[in-house]
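Below is one structure, written out as structure tokens; the observations come after it.
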Amino acid sequence: MRRPDGFDRRTDEPVEAPADADDAAGGSSLEALRRRRDAALRAIAAHETAATPRRSVEREREPEREPRRWALSAYADLDDGADAAPATDGPEPAPLPDEERGSLAQRVDRAWREAQREQRRLDREEARETRREAKEAKRARVRRERAEVRRFTAARRSQVRAALLTGGGLALALLLLVGLVWSPLMAVREVRVQGVERLDAAVVQEALGDAMGEPIATVTEEGVAQRLSTIPQIESFRVDVVPPSTVIVHVVERRPVAIVPTASGEAVIDAAGVALGPVDESTAMLPRLDGVELGSAEFEAIAAMLVAVPTSVLEATATISAPTESDIRLSLTSGQTVLWGGADESRLKADVVAALLATQDPAVAVVLDVRAPEHSVVRGS
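As structure tokens, this is what we get:
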């Protein structure tokens, strides 16, 4: 840092006399001191203005230093000389303000400190402005980055939005459906029975009576099967649910084919050997099994034959016996006998028997041998 003019002199060196006429006439006058002070202050201000950027960088790199004070004691001698000047006869001068009191060195030191404070204030304001601009730049960068992210993910966000809307719609529809299904409006209030011939429909409706009032969505074939398991006449069934409150049960009845003796009397059975109940008027014409045990091999052969034989032949048969599974014999109500043989070709044998009975006199006891249905034989008893 270059010192202003007049500051290179040591304080113990004598001050040279001014060269101009005014200084020669009154070198210790107050006006000369003031001009010299103003020149020094201007030089200091110019030097501070030029050195401000460099001091900002050095202040960041180096620790804070004590402000350097200038040795301006040379001006103190001048101030002392000015103060010691002989008084004139003119009026007494007005007192100087506080900032102009004291020696020139003190006033310059005060000006230096004021300049330092002002510079520090400016540096703080500049730092605050720099931080504010940095924050604004960061916010702008974040906004741009978010805008770019939104632009590149717009399609994906549209797909996610569509998926969420679709899922929400389906969930809402499902909730509405569940609420409607479990509401009293969708409860069972009517049970219809179709397909019954020998079985009374009221029996089926009574068995399904506990399903009345339940939500129609809870009616399943498993539940219906459990309720109808107590009715042996039903071989199979199908359930149709007709919203809002109707259940239709399609029943397939078991076909009674024979009468067997039991401990409680005679009972009607189907081809599977299931007891369908006692004999009534509709089943009294069925043939009776003679000496055949249910579940035996002979019964299995007779059951296969009974499934293939039409109802007209069964009603014309009084008893059925089977010494062996390949020797089935039918005793007709007319007194005629049919040698059936095994259960094979039962359908063809039934057709042959029906044709032979149509050509024979029922009053004549004959034996119809259809063990070989293509070569049937009719002989007298």
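All the letters of the sequence shown, read from the start, carry residue numbers 1403 to 1783 under my numbering. Ideal Cβ positions, reconstructed from N, Cα and C, are used throughout, including at glycine. On a predicted model such as this, the values are computed, not experimentally measured, just so you know.
Can you list, in chain order, the residues of its chain with a C-beta nearer than 6 Å to that of residue i? Leave out the 5 residues immediately preceding and following it.
i, result
"Glu1637", "Val1654, Arg1656"
"Val1779", "Asp1771"
"Leu1443", "Ala1513"
"Arg1773", "Leu1741, Gly1743"
"Thr1685", "Pro1658, Val1670"
"Leu1398", "Summary: the structure shown does not reach residue 1398, with the chain confined to residues 1403 through 1783, and so no result is reported for it."
"Ala1673", "Val1659, Ala1705, Leu1708, Val1709"
"Leu1750", "Pro1775"
"Glu1717", "Met1687"
"Gly1581", "none"
Does DSSP put residue i in a helix, in a strand, or in coil?
i, result
"Pro1725", "strand"
"Thr1685", "coil"
"Ala1699", "helix"
"Ala1677", "strand"
"Ile1661", "strand"
"Ser1733", "strand"
"Glu1747", "coil"
"Asp1511", "helix"
"Thr1761", "helix"
"Ser1638", "strand"
"Asp1672", "coil"
"Ala1710", "helix"
"Ala1767", "coil"
"Ala1705", "helix"
"Val1755", "helix"
"Ala1720", "strand"
"Val1772", "coil"
"Val1694", "coil"
"Arg1656", "coil"
In angstroms with no decimal places, state the Cα-to-Cα distance between residue i and residue j.
i, j, result
"Ser1475", "Ala1441", "Only weak support exists for where Ser1475 lies, its pLDDT of 42 falling under 50; the value from the coordinates is given anyway. Rounded to the nearest angstrom, the two C-alpha atoms are 16 Å apart."
"Asp1485", "Ser1505", "For Asp1485, the predicted model reports a pLDDT of 43, less than 50, meaning its position is unreliable; a value from the coordinates is still stated below. Their Cα atoms are separated by approximately 10 Å."
"Arg1523", "Glu1516", "11 Å"
"Ser1748", "Val1711", "7 Å"
"Val1659", "Met1707", "10 Å"
"Glu1535", "Arg1548", "20 Å"
"Val1769", "Val1598", "38 Å"
"Val1606", "Val1641", "13 Å"
"Glu1668", "Ala1765", "29 Å"
"Pro1645", "Val1621", "12 Å"
"Ile1671", "Pro1663", "10 Å"
"Leu1691", "Gly1679", "16 Å"
"Asp1753", "Asp1682", "28 Å"
"Leu1688", "Val1709", "13 Å"
"Lys1540", "Asp1525", "22 Å"
"Leu1819", "Val1651", "For residue 1819 there is no data in the structure shown, the boundaries of the chain being 1403 and 1783."
"Glu1531", "Lys1537", "10 Å"
"Arg1559", "Arg1543", "22 Å"
"Thr1735", "Val1595", "37 Å"
"Thr1632", "Val1649", "19 Å"
"Trp1584", "Arg1600", "36 Å"
"Pro1775", "Ala1745", "12 Å"
"Glu1528", "Val1510", "26 Å"
"Gln1738", "Ser1666", "31 Å"
"Ala1756", "Val1715", "7 Å"
"Pro1586", "Asp1602", "30 Å"
"Ala1564", "Arg1552", "17 Å"
"Ser1733", "Gly1693", "13 Å"
"Thr1713", "His1777", "24 Å"
"Leu1572", "Gln1561", "16 Å"
Ordered along the chain, which non-local residues of its own chain (more than five positions away) have a Cβ less than 8 Å from that of residue i?
i, result
"Val1834", "Outside the shown range of the chain (1403 to 1783) lies residue 1834, about which nothing can therefore be said."
"Ala1557", "none"
"Arg1436", "none"
"Glu1695", "Phe1701"
"Ala1703", "Ala1724, Glu1727, Ser1728, Ile1730, Gly1744, Ala1745"
"Leu1578", "none"
Only counting the same chain, and skipping five residues up and downstream in sequence, which positions put a Cβ closer than 7 Å to that of residue i?
i, result
"Leu1574", "none"
"Gly1782", "Val1768"
"Val1643", "Ile1618, Val1621, Val1649"
Given 8 Å as the limit, is there contact between the region 1618-1631 and the region 1564-1578, that is, 3 or more CB pairs closer than that? no
For the region 1757-1766 against the region 1719-1726, are there 3 or more C-beta pairs whose distance is under 8 Å? no
Say whether the region 1608-1623 touches the region 1580-1599, bearing in mind that this needs 3 or more beta-carbon pairs closer than 8 Å, one atom from each stretch. With the cut-off at 8 Å, the region 1608-1623 and the region 1580-1599 touch.
Go through the region 1557-1624 residue by residue and report every complete run of the alpha helix (DSSP H) that reaches 4 residues or more, in order. Within the region 1557-1624, the complete alpha helix (DSSP H) runs of at least 4 residues fall at 1603-1609.
Meets three-Cβ-pair contact criterion under 8 Å: the region 1725-1737 and the region 1695-1702: yes
Just to confirm the assignment: which complete beta strand (DSSP E) runs, minimum length 3, are found wholly within the region 1513-1558? none
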